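Data first, discussion second: the structure below is written as structure tokens.
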Amino acid sequence: MAMKLNAGTAGRRRRSGSGDMLQPMAEINVTPFVDVVLVLLIIFIVAAPLLSVGVPIELPDTAAKALPASDETPLTLTINAAGQVAIQSSIVERSDLVPSLEAIMQERETRRIYLRGDGNARYEIIMQVMGALNNAGFNDIALVTDAGGPSLDGSGN
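Going by the numbering used here, the sequence shown opens with residue 46, and the numbers climb by one from there.
Next up, the structure:
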């Protein structure tokens, strides 16, 4: 970027050849703009990893297709390998699961719950959670898996 400095006229108006006519300087200082953009870039780089759900699990692989996306942030229920249940990223006791979900669902438009179960979690625990959700009236449960897994019809891996 080139910058032009006129000795003795910095910050003042330039005189034209006639001597009486003053013209404003038409140069733009972009340094503050660049500073703001760099600060915003650093903020987004630091904040981006914090936006994901924070319960680490290993999802099983399947050949299932993805569900259509909705405008509302999905409500995820996660069961880790140890059998702990989390709503979004907050661990809750299984006895408090249904009352917590009922309170959350009063503020939501859709009643869909995305259930993420670790591939190493006991099947019994996942079925107990699904049964409790069904008994409480939560019938729109979507099971989350990783795509690209084996297909049983012979067309996949």
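Using N, Cα and C, we set each Cβ at its ideal position, and we do this for glycine too.
Since the structure is predicted, the reported quantities are computational estimates derived from the model, not experimental observations.
Check                                                                                                          : Outcome
Residue nearest to Thr121 in terms of C-alpha spacing, selected from Glu72, Met150, Leu197, Gly193             : Met150
Buried/exposed call for Ile90, threshold 16 Cβ in 10 Å                                                         : exposed
Span of the alpha helix (DSSP H) around Thr76                                                                  : 76-92
Distance, Tyr168 Cα to Glu103 Cα                                                                               : 14 angstroms
Cβ-Cβ separation, Leu160 to Val189 (assumed contact under 8 angstroms), whole Å                                : 7 angstroms
Whole-number beta carbon distance between Ala166 and Gly128, since they are thought to touch under 8 angstroms : 6 angstroms
Contact check, Ile171 vs Ile124, beta carbons under 8 angstroms                                                : yes
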